[in-house]
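Notes for the one structure printed next.
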DNA sequence: TTTTAAATTATAATAAATATCAAGATAGAA
DNA sequence: TTCTATCTTGATATTTATTATAATTTAAAA
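This is the structure:
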C-alpha cells in the first residue's frame with residue numbers, strides 16, 4: 001500500500017502536481033476501500049475521520065484530478081451519484097461490475113472478457129476504443145438463494 | 001410508428017396506466033428521435049413545441065414510467081445527465097453505445113455481441129443477468145480522419 | 001527573506017431530479 | 001346523466017450532487 005502510494009505520488013509529480021496532505025489522505029481512503037464503490041460524499045466523510053479540517057471541495061477536486069490521471073475511474077450505476085473506483089495497478093482496461101437489483105451489492109470482475117468483442121467493434125465500426133464501461137444488472141448468488149428459500153416457504157404455506 | 005404507439009398504449013393499459021395526451025406527446029417525441037439520446041430537458045423542450053402546456057414534472061414522470069415498463073432505457077454517459085433511449089422493439093437486451101471522446105457523438109450498436117461473455121459470467125460468477133450496459137469510449141471514424149489530416153498539415157508546417 | 005504560484009477552505013451558485021399539493025380529467029357506479 | 005373515487009397534471013418548492021468563487025494558506029523558487 002505504501003508502495004502504491006509512492007507510485008501515485010510519482011504520477012502526480014510527473015504531471016507537476018503535488019501530493020498534499022489532503023490529497024494523500026484522500027488517496028489513502030481510496031486504497032483502504034479499494035473494493036468499495038464510494039461516492040464523493042462517502043470519501044469526504046471517511047477522509048474527515050482522519051483529517052477533519054478537509055473541505056468537501058478539495059475532495060471533489062482531488063477525485064477529479066485522480067480521474068484525469070487515470071488513477072481512479074468514475075462510474076455511475078444509475079442512482080445519480082458518481083462513484084470512484086481505484087484502477088487496478090497496471091490494468092489495461094477498466095474492470096466490469098455486477099450490480100444486484102435486489103440488494104444493490106456491487107461485485108467487480110477483473111478479467112477482461114471483451115477482447116474479442118473489442119476487435120469486432122474496432123473492425124466493423126472503425127471505432128478506435130480507448131476505454132469501456134460494462135455493467136451487468138441481475139441477481140447475485142446470495143439473493144438467488146434467498147429467493148429459493150422464500151419459494152419453498154411459500155409453497156409450504158400454500159399447501160396448508 | 002402509429003403501430004408502435006398502439007403497442008405502447010396496450011403495454012400501458014395492461015399495467016393499468018392510461019395513454020394521456022401528455023404521455024402520447026412524449027412518446028411521439030421519443031419515437032421521432034429514436035436514434036438520439038435525449039435528456040429529460042431535451043424531451044421537455046421538444047414536447048413543448050407541440051404541446052406547450054405540458055409541465056416538466058410530467059415529462060419526468062412519464063420517462064420514469066416508460067423506464068419501469070422497459071419501453072425506454074435510462075443511460076448515463078458520464079456527463080451527469082440521464083438520457084432516455086427507446087428500446088428497440090422486441091430487443092432482448094439493451095443495445096451498446098460508442099461515445100466519441102473528441103466530438104461527443106454517440107452511435108448505437110444493435111448487435112448483441114455479449115452472448116459468450118454473459119454465459120461465462122453467469123457460469124463463473126453464478127450471477128443471473130437480467131440486463132446490461134456496455135459503452136465504449138474512443139475515437140469515431142470521423143475524428144480519426146480529422147486527426148490524420150491535422151497530422152499531415154503539421155508535418156508540412158514543420159518541414160518549412 | 002521576499003516573491004510567486006498552487007492549493008485549500010468555506011460558502012455561494014448551479015443544475016438535475018424529486019416531492020408536494022391543489023386543481024383538472026376520467027372512468028365507472030348509481 | 002350526475003356523482004364519486006382515482007388518476008394525472010402543472011406549478012412550484014425542495015433536495016441533492018456538483019461546480020464556481022473569493023479570500024486565505026502553503027510551499028517552493030528566487
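Residue numbers (the numbering used here), protein chains in the order written: chain A, 1 to 160; chain B, 1 to 160.
The beta-carbon is built from N, C-alpha and C at its ideal position, and this holds for glycine as well.
For chain B, is any of its Cβ atoms less than 7 Å away from the one on residue i?
i                      : result
residue 146 of chain A : no
residue 137 of chain A : yes
residue 113 of chain A : yes
residue 98 of chain A  : yes
Just the Cα atoms here: how many angstroms apart are residue i and residue j?
i                      : j                      : result
residue 6 of chain A   : residue 84 of chain B  : 43 Å
residue 34 of chain A  : residue 146 of chain B : 39 Å
residue 39 of chain B  : residue 52 of chain B  : 18 Å
residue 130 of chain A : residue 71 of chain A  : 15 Å
residue 3 of chain A   : residue 31 of chain A  : 11 Å
residue 44 of chain A  : residue 37 of chain A  : 13 Å
residue 155 of chain B : residue 25 of chain B  : 53 Å
residue 132 of chain B : residue 151 of chain B : 38 Å
residue 117 of chain A : residue 136 of chain A : 16 Å
residue 58 of chain A  : residue 22 of chain A  : 8 Å
residue 91 of chain B  : residue 18 of chain A  : 50 Å
residue 162 of chain B : residue 144 of chain A : Residue 162 of chain B lies beyond the residue range present for chain B, which begins at 1 and ends at 160; the question has no answer from this structure.
residue 95 of chain B  : residue 148 of chain A : 31 Å
residue 56 of chain A  : residue 20 of chain A  : 15 Å
residue 75 of chain B  : residue 93 of chain B  : 14 Å
residue 13 of chain B  : residue 62 of chain B  : 14 Å
residue 97 of chain A  : residue 153 of chain B : 43 Å
residue 48 of chain A  : residue 41 of chain A  : 10 Å
residue 112 of chain B : residue 73 of chain B  : 16 Å
residue 46 of chain A  : residue 46 of chain B  : 43 Å
Taking CB distances under 7 Å as the criterion, tell me whether residue i reaches chain A.
i                      : result
residue 130 of chain B : yes
residue 83 of chain B  : no
residue 117 of chain B : yes
residue 141 of chain B : yes
residue 126 of chain B : yes
Would you say the beta carbon of residue i is closer than 6 Å to some non-hydrogen atom of the ligand SAH?
i                     : result
residue 79 of chain B : As presented, the structure is devoid of all ligands, the ligand SAH included, so that no description of it is given.
What residue from the options has the CA that sits closest to residue i's CA?
i                      : options                   : result
residue 81 of chain A  : A:123, A:137, A:118, A:60 : A:60
residue 68 of chain B  : B:152, B:142, B:15, B:150 : B:15
residue 110 of chain B : B:121, B:41, B:87         : B:87
residue 140 of chain A : B:141, B:123, B:150       : B:123
residue 79 of chain B  : B:104, B:57, B:90, B:134  : B:104
residue 126 of chain B : A:135, A:95, A:142, A:49  : A:142
residue 99 of chain B  : B:108, B:115, B:119       : B:108
residue 9 of chain B   : B:66, B:76, B:153, B:54   : B:66
residue 28 of chain B  : B:115, B:50, B:97, B:101  : B:50
residue 101 of chain A : A:56, A:138, A:148        : A:138
residue 121 of chain B : A:114, A:1, A:120, A:89   : A:114
Please list the partners that residue i has in chain B, where partner means a Cβ-to-Cβ separation under 9 Å.
i                      : result
residue 78 of chain A  : 74, 75, 76, 82, 133
residue 27 of chain A  : Within 9 Å Cβ-Cβ: nothing; residue 27 of chain A doesn't reach chain B, min ~22 Å.
residue 101 of chain A : 130, 131
For residue i, go through chain A and note every residue whose CB falls closer than 9 Å to its CB, in chain order.
i                      : result
residue 110 of chain B : Ordered by position in chain A, no residue passes the 9 Å Cβ test against residue 110 of chain B, which lies about 11 Å from the chain.
List the residues of chain B whose Cβ lies closer than 7 Å to the Cβ of residue i, in chain order.
i                     : result
residue 59 of chain A : Chain B residues near residue 59 of chain A: none, gap ~17 Å exceeds 7 Å.
residue 88 of chain A : Chain B residues near residue 88 of chain A: none, gap ~17 Å exceeds 7 Å.
Please list, in chain order, the chain A residues whose beta carbon lies closer than 8 Å to that of residue i.
i                      : result
residue 149 of chain B : The contacting residues do not exist; residue 149 of chain B stays about 16 Å from chain A at best.
residue 107 of chain B : 125, 127
So which residues of chain B does residue i contact, with C-beta pairs closer than 8 Å?
i                     : result
residue 47 of chain A : Result: empty, since nearest Cβ-Cβ is about 22 Å, beyond 8 Å.
Using a Cβ cut-off of 7 Å, pull out every chain A residue sitting near residue i, in sequence order please.
i                      : result
residue 120 of chain B : 113
Enumerated in chain order, which unbroken segments of the beta strand (DSSP E) with a length of 3 residues or greater are wholly contained in the segment 19 to 96 of chain B?
-> DSSP runs (the beta strand (DSSP E)) wholly in the segment 19 to 96 of chain B: 72 to 76, 82 to 86.
Sequence ranges, beta strand (DSSP E) only - wholly within the segment 91 to 143 of chain A, length at least 3 | You should have 96 to 100, 106 to 109, 128 to 139.
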